[in-house]
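Asks:
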Amino acid sequence: MNRNIILCGVGGQGIILASRLISAAAMAKNIPVMSAETIGMAQRGGSVFSHVRFGSEIYSPMIATGTANLILAFEPGEAVRMLPYLEQDGQIIVSAKPIMPITTTLNNINYSGEKMIAYLRENVKNIYVVDTEKAINFLGSAKILNIIMLGFATKTGALGFSREEMRKQIAEKIAPRFHELNFNALDYAFK
321 MNRNIILCGV GGQGIILASR LISAAAMAKN IPVMSAETIG MAQRGGSVFS HVRFGSEIYS
381 PMIATGTANL ILAFEPGEAV RMLPYLEQDG QIIVSAKPIM PITTTLNNIN YSGEKMIAYL
441 RENVKNIYVV DTEKAINFLG SAKILNIIML GFATKTGALG FSREEMRKQI AEKIAPRFHE
501 LNFNALDYAF K
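FYI, the working numbering numbers position 122 of the sequence shown as 442, with every residue one higher than the one before it.
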């Protein structure tokens with residue numbers, strides 16, 4: 321199983337933890353994995369993206385343009401930014417909830433994300449839009465957006481790991497006091 325996955329969004333959304341959970345799931349199955357993160361101005365709401373590659377004959381952590389099987393996008397505008405990386409029949413799983421970039425705020429520009437989702441729908445055959453705002457309201461915490469997105473990626477089969485395999489990584493990599501909340505976030509997609 322060879323997979324090239326890009327996770328993208330803005331600082332504070334838990335992208336790095338999500339990429340580490342995916343990498344750990346691959347390692348648990350003795351699948352060679354490489355990953356690389358670019359965090360840029362993450363603390364200021366800037367772009368964050370992570371490349372995760374696993375399978376045989378992986379020699380670099382960076383994903384070449386046009387070769388990503390999956391873009392797991394925590395923010396619609398960042399999904400559009402990463403679109404050149406997606407392979408022709410690749411899949412995008414994207415949060416419908418936009419986060420207004422700092423540059424947009426400073427320039428007093430209105431950004432709703434709806435245009436970004438519309439653009440993605442026009443240009444990507446295999447797209448799944450997640451109503452993360454509804455999920456966050458139901459679960460009661462915005463801090464689990466990353467696990468909500470992992471849940472949907474797991475449910476669609478895009479990651480190549482089962483819910484139980486992802487749950488095991490959450491149990492091993494996240495502090496026990498946060499297990500129940502994160503397990504609920506993972507399971508939300510399966511309701």
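Ideal placement from N, C-alpha and C gives every residue a C-beta, glycine not left out.
Reducing DSSP to helix, strand and coil, say where Y508 ends up.
Replies: Y508 falls in the helix class under three-state DSSP.
Asks: Quick test of the definition: if touching needs 3 or more C-beta pairs under 8 Å, does the stretch 431-443 touch the stretch 374-382?
Replies: no
Asks: To the nearest angstrom, how far is it from the Cα of Q408 to the Cα of E395?
Replies: 21 Å
Asks: Which of the three DSSP states, helix, strand or coil, is assigned to E453?
Replies: Helix, per DSSP.
Asks: Any idea which residues DSSP pairs H371 with across the strands?
Replies: I326 and A356
Asks: Excluding the 5 residues preceding and the 5 following I336 in the sequence, name in chain order all residues of the same chain whose CB lies nearer than 8 Å to its CB.
Replies: E357, I359, V368 and S370
Asks: Return the CA-CA distance between T553 and L406, expressed in angstroms with no decimal places.
Replies: This structure cannot settle anything about residue 553, because the visible part of the chain is limited to 321 through 511.
Asks: Candidates G332, S339 and A345: which alpha carbon is nearest E484's?
Replies: Closest option to E484, judged by alpha-carbon separation, among G332, S339 and A345: A345.
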